[in-house]
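A short write-up of the structure that comes next.
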Amino acid sequence: MAKSPWQQVTDRFGSKEALVKELQGLVEKTDLFVKKFSEAKGLERVSNRKLLRLHRIAKEVQERFGSRAKLIDSILEIEKRAKDADYRKRFEKYTLGRLLDLHEAAERRVRRAEKRARPKA
Numbered sequence: 002m003a004k005s006p007w008q009q010v011t012d013r014f015g016s017k018e019a020l021v022k023e024l025q026g027l028v029e030k031t032d033l034f035v036k037k038f039s040e041a042k043g044l045e046r047v048s049n050r051k052l053l054r055l056h057r058i059a060k061e062v063q064e065r066f067g068s069r070a071k072l073i074d075s076i077l078e079i080e081k082r083a084k085d086a087d088y089r090k091r092f093e094k095y096t097l098g099r100l101l102d103l104h105e106a107a108e109r110r111v112r113r114a115e116k117r118a119r120p121k122a
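What follows is the structure in structure tokens.
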């Protein structure tokens, strides 16, 4: 049976406070996140499931791209719109999860197009 989000948090981080502290470190020292959460409430009141998802997405983007700007550059490069400043500005408002989904969808479109373009032997 799958572990509950609380069990996953305690197994991987020891406590919810440790996970929140790690996420806050990512928020403060990197430009990965758009400041959308309430400063008054903070991350302490977010559910364990959402915190785990945020942590997974942040780590994946940090490992694959290094920064939010590089992720946006990669999306624009795949879509062949690297010089489109308005399109870039639009992406800068998106959340990290949405940007990652857009990148994966763009990669799938490119792979599918390449597969169709290959001649059948």
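At the far end of the sequence shown sits residue 122, using this note's numbering, and the numbering has no gaps. Every residue gets a Cβ at the ideal spot worked out from N, C-alpha and C, and that includes glycine.
_Please state the DSSP three-state secondary structure of K51._
In the structure shown, the three-state DSSP call for K51 is helix.
*asked:* Just to check my reading of the structure: R91 and L77 have Cβ atoms closer than 8 Å, yes? What is that Cβ distance to the nearest angstrom?
replied: Contact annotation, R91 with L77: C-beta distance approximately 11 Å; criterion of less than 8 Å not satisfied.
*Pair within 7 Å by beta-carbon distance, P120 and L53*: No. Outside cutoff.
_To the nearest angstrom, how far is the alpha carbon of E80 from that of A107?_
CA-CA distance, E80 to A107, rounds to 7 Å.
*Locate the alpha helix (DSSP H) running through A118, then write down its first and last residues.*
A118 -> alpha helix (DSSP H) spans 97-118.
*Inspect the beta-carbon positions of N49 and V21 and report whether they are closer than 7 Å.*
Between N49 and V21, the gap from beta carbon to beta carbon reaches 7 Å or more.
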